[in-house]
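Protein chains in written order, with UniProt numbering: chain E, 1 to 222; chain H, 1 to 116.
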């Protein structure tokens, strides 16, 4: 494990004192328990009147970043601390890059709110075409199940949410095609189960998307 | 007793609340979006959700590419320089060029190999 030798205590980072790329405090790279990822670590370590955005607000939580990295890497691979931080910074840069482009589009069209479609459009424009298909599918799933199935938790929380990867062979990323699966409505939704088990709906993403009930605003904009 | 961890996030509320074990925190994404640009005013609820997945894909791709550099160098530890090399090699990662070369002090040597 690539811990900085201080595994176990919650992570925070000293605010940058020199470079904008972040400090290299050695105790950063620890693994937080999953539930902690959502909370912002409010232990402030401000050494002085640092009036800028808190370090932890500028980046994605490093534990999440590391977890995603480890999904990709072979088990024996090690990750240096500076690599983890670099990727963490790159993610924020990515978000900012796409957001700016999406925001420009909104302004041109005199809209105030950046929508999911704007984000998708910006990604396509900036060269991330490969992401569009899985993201569009992800978004459609979210709209269908979060909009429709909101309600009581259906009785089988442990229904396998790992869809048979063969069903969505076109997806290029590792299993758990629906990370939004955390939504409780997902598991008990008969239409969804029916959808997944129905091989005729598997295959090209367009057909799969069409198989859902697309709301008018779900049109794909690329 | 139900095991915590893998599914605890699932039962605690939907997309709008907590995130699942594999998602990135939506509130943080929103903050980063706002901080990136003073002109960003309002963000729909779905935009961070798209980003949460997009960032995952992004991390996966960047990690994969960086690891290829690590292998080329016959190492087993992925270093910052591997990330930097991956960035140099891929056109769509051009926006990261300044970021990765900021502290490394390495001379930038953009490879002619381009990846679409």
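Heads up, the beta-carbon is just placed ideally off N, CA and C, and yes, glycines get one too.
Determine the contact status of residue 73 (chain H) and residue 101 (chain H), defining contact as a CB-CB distance below 8 Å.
Position 73 of the second chain, counted from the first residue, corresponds to residue 73 (chain H). Position 101 of the second chain, counted from the first residue, corresponds to residue 101 (chain H). Annotated as distal: residue 73 (chain H) and residue 101 (chain H), with beta-carbon spacing of 8 Å or more.
Residues of chain E with CB under 8 Å from residue 82 (chain H), in chain order?
For this step, residue 82 (chain H) is matched to residue 82 along the second chain. Within chain E, the residues 83 have their CB atoms less than 8 Å from the CB of residue 82 (chain H), given in chain order.
Could you have a look at residue 41 (chain H) and say whether DSSP puts it in helix, strand or coil?
Along the second chain, read from residue 1 onward, the residue named residue 41 (chain H) stands at position 41. DSSP places residue 41 (chain H) in coil when its eight states are reduced to three.
Limits of the alpha helix (DSSP H) - the one that residue 101 (chain H) falls within:
On the second chain, residue 101 (chain H) is found 101 positions in, with the first residue counted as 1. Going by DSSP, residue 101 (chain H) is part of the alpha helix (DSSP H) stretching over 97-101.
Cα-Cα separation between residue 203 (chain E) and residue 55 (chain E), rounded to whole angstroms:
In the first chain, residue 203 (chain E) corresponds to position 203, counting from 1. In the first chain, residue 55 (chain E) corresponds to position 55, counting from 1. Bear in mind that a pLDDT of 44 at residue 203 (chain E), under 50, signals an unreliable position, so the model cannot answer this.
Could you check what DSSP says for residue 78 (chain E) in three-state terms: helix, strand or coil?
Taking the first residue of the first chain as 1, we reach residue 78 (chain E) at position 78. Per DSSP, reduced to three states, the secondary structure at residue 78 (chain E) is strand.
So which residues on chain H does residue 93 (chain E) lean against when the C-beta distance must stay under 7 Å?
The count along the first chain starts at 1 and reaches residue 93 (chain E) at position 93. Listed by position along chain H, the residues whose Cβ is nearer than 7 Å to that of residue 93 (chain E) are 95, 96, 99.
Taking 8 Å as the CB-CB limit, is residue 112 (chain E) close to chain H?
In the first chain, the residue the question calls residue 112 (chain E) occupies position 112. Answer yes: the Cβ-Cβ gap between residue 112 (chain E) and chain H drops below 8 Å somewhere.
Between the beta-carbon of residue 58 (chain E) and the beta-carbon of residue 98 (chain H), is there less than 8 Å?
For the purposes of this step, residue 58 (chain E) is identified with residue 58 of the first chain, where counting begins at 1. For the purposes of this step, residue 98 (chain H) is identified with residue 98 of the second chain, where counting begins at 1. No; because the gap between Cβ atoms is not below 8 Å, this pair is not in contact.
So, with DSSP's three-state summary, where would you put residue 59 (chain H)?
Within the second chain, residue 59 (chain H) is the residue found at index 59, counting from 1. Note: residue 59 (chain H) maps to helix in three-state DSSP.
Using beta-carbon positions only, say whether residue 223 (chain E) and residue 44 (chain H) come within less than 8 Å of one another.
Only positions 1 to 222 of chain E appear in this structure, which leaves residue 223 (chain E) out of reach.
Sequence-distant residues of the same chain with beta carbon closer than 6 Å to residue 158 (chain E), five excluded per side:
For this step, residue 158 (chain E) is matched to residue 158 along the first chain. For residue 158 (chain E), the pLDDT reaches just 47, beneath the cut-off of 50, and the residue's location in the model is therefore unreliable, leaving the point undetermined.
At least one CB of chain H closer than 8 Å to the CB of residue 230 (chain E): is that the case?
Missing from the structure shown is residue 230 (chain E); chain E here goes from 1 to 222 and no further.
Please check the pair residue 84 (chain E) and residue 62 (chain E), which I expect to be a contact at CB under 8 Å, by giving their CB distance rounded to whole angstroms.
Translated into positions along the first chain, residue 84 (chain E) becomes position 84. Translated into positions along the first chain, residue 62 (chain E) becomes position 62. Rounded, the Cβ-Cβ distance is 6 Å, consistent with contact.
If you reduce the DSSP assignment to three classes, tell me which class residue 113 (chain E) lands in.
Residue 113 (chain E) sits at position 113 when you count from the first residue of the first chain. Residue 113 (chain E): strand per DSSP, three-state reduction.
Taking only the alpha-carbon atoms, compute the straight-line gap between residue 75 (chain H) and residue 42 (chain H) and give it to the nearest angstrom.
As a working note, residue 75 (chain H) is residue 75 in the second chain. As a working note, residue 42 (chain H) is residue 42 in the second chain. Rounded to whole angstroms, residue 75 (chain H) to residue 42 (chain H) spans 45 Å at the Cα level.
Rounded C-alpha distance that separates residue 143 (chain E) from residue 82 (chain E):
Within the first chain, the letter at position 143 stands for residue 143 (chain E). Within the first chain, the letter at position 82 stands for residue 82 (chain E). Distance between the alpha carbons of residue 143 (chain E) and residue 82 (chain E) is about 38 Å.
Which residues, in chain order, does the region 41-60 of chain H contribute to contact with chain E at a C-beta distance below 8 Å?
Listed by position, the residues of the region 41-60 of chain H near chain E (Cβ gap below 8 Å) are 41, 42, 43, 44, 46, 47, 49, 50, 51, 52, 53, 54, 55, 56, 57, 58, 59, 60.
Thinking C-beta only, is residue 93 (chain E) closer than 8 Å to residue 126 (chain E)?
For the purposes of this step, residue 126 (chain E) is taken as residue 126 along the first chain, with counting starting at 1. For the purposes of this step, residue 93 (chain E) is taken as residue 93 along the first chain, with counting starting at 1. In this structure, residue 93 (chain E) does not lie closer than 8 Å to residue 126 (chain E) by Cβ.
Interface partners of residue 36 (chain H) on chain E, CB under 7 Å
For the purposes of this step, residue 36 (chain H) is identified with residue 36 of the second chain, where counting begins at 1. Those are 95, 96, 99, 100, listed as they occur along chain E.
Among the candidates E:145, E:110, E:91, whose CA atom is the shortest distance from the CA of residue 39 (chain H)?
Taking the second chain and counting its residues from 1, one reaches residue 39 (chain H) at position 39. Of all alpha-carbon atoms in E:145, E:110, E:91, the one lying nearest the alpha-carbon of residue 39 (chain H) is that of E:110.
Minimum Cβ-Cβ distance from residue 80 (chain E) to chain H less than 8 Å
Counting from one through the first chain, the residue named residue 80 (chain E) turns up at place 80. Interface annotation, residue 80 (chain E): in contact with chain H, CB-CB separation under 8 Å.
Output the boundary residues of the alpha helix (DSSP H) element that contains residue 36 (chain H).
The residue given as residue 36 (chain H) occupies position 36 in the second chain. 26-36 is the extent of the alpha helix (DSSP H) around residue 36 (chain H).
For my contact list, residue 95 (chain E) and residue 51 (chain H) are in at a C-beta cut-off of 8 Å; report their separation, rounded to the angstrom.
Stepping through the first chain from its first residue, residue 95 (chain E) is reached at position 95. Stepping through the second chain from its first residue, residue 51 (chain H) is reached at position 51. Cβ-Cβ separation between residue 95 (chain E) and residue 51 (chain H): approximately 6 Å, consistent with a contact (criterion under 8 Å).
Among E:87, E:132, E:80, the one whose alpha carbon lies nearest that of residue 64 (chain E)
Taking the first residue of the first chain as position 1, residue 64 (chain E) is located at position 64. It is E:87 whose Cα lies nearest to the Cα of residue 64 (chain E).
Can you have a look at residue 65 (chain H) and say buried or exposed, based on whether 16 or more other CB atoms are within 10 angstroms of its CB?
By one-based count along the second chain, residue 65 (chain H) stands at place 65. Result: buried.
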